[in-house]
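A.B. asks:
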Amino acid sequence: MKLEIKKISVKTNDKEILKDLSLEINSGEIHAIMGPNGVGKSTLSKVIMGYPDYQIINGSIMVDNKEINNLEIDERSKLGIFLVYQNPISIDGVTTSELIKASMDSKGERQGLYKYVLELEGNSEKLKMDKSMLHRGFNVSFSGGERKKNEILQVLMLKPKFIILDELDSGLDVDSLKIVSEALNNYLLENPDTSVLIITHYTRILELIKPEFVHILKNGHIVKSGDYNLSKLIEKYGYNQSFELEGNMNNE
Amino acid sequence: MNKIIVDTDKLVQEVNDDLYLEVIESKTLSLKIVSNKKIKLLIKVLNSDVKINLELLNNINLAINSLGINSSISYDIKIKDNTNLLVVDSIISNNDSINNINICDDGSNNNIEFYTNGINLKNKKLYFNLNGMVSKNSINTSLSENSKIINVGDGDSKIIPNLIINTKEVIASHSAYIGTFKSEDLYYLASRGISLKYAKKLLIKSILLSKMTIEKEIFTREVSEFIGIGGDTNE
């Protein structure tokens, strides 16, 4: 899936959060957005997903050359956009299995219960999830890491074409991060047209899911883009010093 | 679990084993729970207004799950000593539903938890009037009342939680919430492709059933059929 963000400005509660932001992610590409706290990274993920609390005052979001500014959240999901949440909700009384089945049904991917359960259990094994979790309340009494695995389980089941990973590594221990990264990398190998936008503070996840493009977000717009090496520079010197160093290197 | 379909004006029953009551037309149930028992009581009320008088003798571990569909369920509960009582009472209604709940603790070492959950579907009344009374004879009692109502339409919903405490040695609390669905929950479900209408159905099921502990699949089936879960997810 190709996603283009063309000079969007976004406000919420009368405050402008994103300003003239442009980004183009082609089919099969992996991009990372980095930046310190409060620069609009998570806002960007919710704007792409269509949260009504965020108003696009200028610009457009295009998916495969069609504007989606006015599409509801569920319609964007049905196009194949999937947000892996930083803090997924829990719903007691509705099981994980039931919620994923409802999602698949709503996308017209109805399948027999037996086949569905086999696929669900197979994918949960890939993520080293206890099968009993599938039949408990959605995310109820799950640890932070288990919730993130539950998010990736939905990726494997719903087969999205554009995945936004919002701080996937927060709340995940090293082993769990490796497990979910491996599952995602395998998914991307099997679905090479799927695009990914990684939103992160840290470079740890970028070593496991390697982006071709890295962008730095500051004050609501992208101030710097580069390849994977840009993230290594940030890891070593931090955001502010990286800009200075790169400026000096260019001058030399 | 023994099942009794109650369609008389009045039922008087001594309870000494787990019991499932399906109430269709009854007006009053008077249940005496005998001493030294661990009992589960499942009560389903359809299109009726029911008053349940519960007399608990001593040393009882009693769990009650009650579900009212287009109904009112009122409780009058008297408790003696050394009792654990957990009540989860859920109401979903298209009609007026006035639920008066009186709990009277008159003994020692009792632990009482009462959850009332309501879904007000239309522009009608849904009231939970809760009175938790702890007498001066009570020692070492713990009493909590927890109520939640979701207004799906523009209904008149009220929770009036009273704690009337006549002793110094008690732990008592209440919580009450009336409102709509959390937008965060609706957006999450929408981000999974689920329509707003179907997302609300899933959340209604969650609110009504989440605290239930007894033979959960019976009420799950009942609620799912009533609100139409399992049908068209795109409606």
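As you go down the protein sequences, you meet chains A and B in turn. Anchor point for the first sequence: position 184 equals 208 in the working numbering, and the numbering is continuous, going up by one each time. Anchor point for the second sequence: position 17 equals 29 in the working numbering, and the numbering is continuous, going up by one each time. Beta carbons are placed, not taken as given, at the ideal position from N, Cα and C, and that holds for glycine. All of these numbers come straight from a predicted model, not from anything done at the bench.
Would the segment 176-191 of chain A and the segment 210-224 of chain A be scored as touching if the rule is three or more Cβ pairs under 8 angstroms?
C.D. replies: The segment 176-191 of chain A vs the segment 210-224 of chain A: in contact.
A.B. asks: Report the option in 48/B, 78/B, 43/B, 49/B whose CA atom is closest to the CA atom of residue 58/B.
C.D. replies: Comparing Cα-Cα distances from residue 58/B to each of 48/B, 78/B, 43/B, 49/B, the minimum goes to 78/B.
A.B. asks: Under 6 angstroms Cβ to Cβ from residue 276/A, same chain only, skipping five residues before and after it: list those, please.
C.D. replies: Residue placement at residue 276/A cannot be trusted, given a pLDDT of 47 that sits under 50; what the coordinates show is reported in the next sentence. Nothing listed; no residue qualifies.
A.B. asks: Checking contacts by CB at 8 angstroms: is residue 98/B closer than that to chain A?
C.D. replies: Not one chain A Cβ lies under 8 angstroms of residue 98/B.
A.B. asks: Check this for me: beta carbons of residue 87/B and residue 64/B, under 8 angstroms apart or not?
C.D. replies: In contact: residue 87/B and residue 64/B (Cβ atoms closer than 8 angstroms).
A.B. asks: Please determine, among 177/B, 102/B, 54/B, 38/B, the residue with the shortest C-alpha to C-alpha distance to residue 222/B.
C.D. replies: Checked all of 177/B, 102/B, 54/B, 38/B; the closest Cα to residue 222/B is 102/B.
A.B. asks: Where does the unbroken alpha helix (DSSP H) through residue 48/A begin, and where does it stop?
C.D. replies: Unbroken run through residue 48/A is the beta strand (DSSP E), 39-49; no alpha helix (DSSP H).
A.B. asks: On the DSSP letters alone, give me the boundaries of the alpha helix (DSSP H) that residue 229/B sits inside.
C.D. replies: Looking at the DSSP string, the run of the alpha helix (DSSP H) that includes residue 229/B is 228-239.
A.B. asks: Examine chain B for any beta-carbon lying closer than 8 angstroms to the beta-carbon of residue 75/A, and answer yes or no.
C.D. replies: Closer than 8 angstroms: yes.
A.B. asks: Along the segment 126-142 of chain A, what residues have a CB closer than 7 angstroms to any CB found in chain B?
C.D. replies: Cβ contacts with chain B come from 126, 127, 129, 130, 131.
A.B. asks: Could you confirm whether any beta carbon from chain B is found closer than 8 angstroms to the beta carbon of residue 219/A?
C.D. replies: No, because no Cβ of chain B sits closer than 8 angstroms to the Cβ of residue 219/A.
A.B. asks: Leaving aside the five residues before and after residue 141/A along the sequence, list all residues of the same chain whose C-beta is less than 8 angstroms from its C-beta, in chain order.
C.D. replies: So the qualifying residues of the chain are 121.
A.B. asks: Measuring alpha carbon to alpha carbon, tell me which of 230/B, 237/B, 200/B, 105/B ends up nearest residue 15/B.
C.D. replies: With distances taken between Cα atoms, residue 15/B lies closest to 230/B.
A.B. asks: Quick check on DSSP: helix, strand or coil for residue 36/B?
C.D. replies: Three-state result, residue 36/B: coil.
A.B. asks: At 7 angstroms on the CB atoms, spell out the chain B contacts of residue 116/A, in chain order.
C.D. replies: By Cβ distance, chain B contributes 218, 222.
A.B. asks: Short check: CB of residue 158/B to CB of residue 127/B, under 8 angstroms?
C.D. replies: Yes, the Cβ-Cβ distance between residue 158/B and residue 127/B is below 8 angstroms.
A.B. asks: Report the rounded CA-to-CA distance for residue 49/B versus residue 145/B, giving the unit in angstroms.
C.D. replies: The alpha-carbon atoms of residue 49/B and residue 145/B are separated by roughly 24 angstroms.
A.B. asks: Against chain A, with Cβ distances strictly below 8 angstroms, would residue 125/B count as a contact?
C.D. replies: So no, residue 125/B is outside the interface.
A.B. asks: For the pair the segment 75-86 of chain A and the segment 27-37 of chain A, tell me if three or more CB-CB distances fall below 8 angstroms.
C.D. replies: A contact exists between the segment 75-86 of chain A and the segment 27-37 of chain A.
A.B. asks: If I'm right that residue 172/B touches residue 122/B with Cβ under 8 angstroms, what's the distance once you round it to whole angstroms?
C.D. replies: Going by Cβ atoms, the distance from residue 172/B to residue 122/B rounds to 23 angstroms, so no, they are not a contact pair.
A.B. asks: Taking Cβ to Cβ, would you say residue 203/A is nearer than 8 angstroms to residue 108/A?
C.D. replies: Not in contact: residue 203/A and residue 108/A (Cβ atoms no closer than 8 angstroms).
A.B. asks: Closer than 8 angstroms, Cβ to any Cβ of chain B: which residues of the segment 167-201 of chain A, in chain order?
C.D. replies: Listed in sequence order: 178, 182.
A.B. asks: Since residue 79/A sits in a beta bridge, which residues does DSSP pair it with?
C.D. replies: Paired residues: 35/A.
A.B. asks: Could you give the DSSP three-state label for residue 177/A: helix, strand or coil?
C.D. replies: Residue 177/A falls in the helix class under three-state DSSP.
A.B. asks: Measuring CA to CA, which of 167/B, 20/B, 151/B, 111/B is closest to residue 180/B?
C.D. replies: If we check each option's Cα against that of residue 180/B, 151/B comes out closest.
A.B. asks: Under a three-way DSSP split, which group does residue 226/A fall into?
C.D. replies: The answer is coil: DSSP assigns residue 226/A none of H, G, I, E or B.
A.B. asks: Whole-angstrom Cβ separation of residue 68/B and residue 45/B, contact assumed at under 8 angstroms?
C.D. replies: The Cβ separation is near 5 angstroms, so the contact holds.
A.B. asks: Any heavy atom of the ligand PLP closer than 7 angstroms to the CB of residue 170/A?
C.D. replies: No copy of the ligand PLP appears in this structure; indeed no ligand is present at all.
A.B. asks: Flag residue 19/B as yes if its beta-carbon sits less than 8 angstroms from any beta-carbon of chain A, otherwise no.
C.D. replies: Residue 19/B does not count as touching chain A.
A.B. asks: If you follow the beta strand (DSSP E) that residue 98/A is part of, which residue opens it and which one closes it?
C.D. replies: Counting along the chain, residue 98/A falls outside any beta strand (DSSP E), though it belongs to the alpha helix (DSSP H) covering 97-103.
A.B. asks: Tell me, which residues are paired with residue 164/B by DSSP?
C.D. replies: In the DSSP output, where bridge partners are listed per residue, residue 164/B has none listed.
A.B. asks: What alpha helix (DSSP H) runs, 4 residues minimum, are completely inside the segment 187-237 of chain A?
C.D. replies: Complete alpha helix (DSSP H) runs here, min 4: 198-214, 228-232.
A.B. asks: Using beta carbons (cut-off 8 angstroms, strictly below), is residue 35/A in contact with chain B?
C.D. replies: Residue 35/A does not count as touching chain B.
A.B. asks: Alpha carbons only, please: which of 27/B, 162/B, 220/B, 34/B is nearest the one belonging to residue 236/B?
C.D. replies: Looking at the Cα atoms, 220/B is the closest of the given residues.
A.B. asks: Whole angstroms is fine: what's the gap from residue 192/B's alpha carbon to residue 71/A's?
C.D. replies: C-alpha separation (whole angstroms): 24 angstroms.
A.B. asks: At a Cβ threshold of 8 angstroms, is residue 30/B touching chain A?
C.D. replies: Output row for residue 30/B: interface = no.
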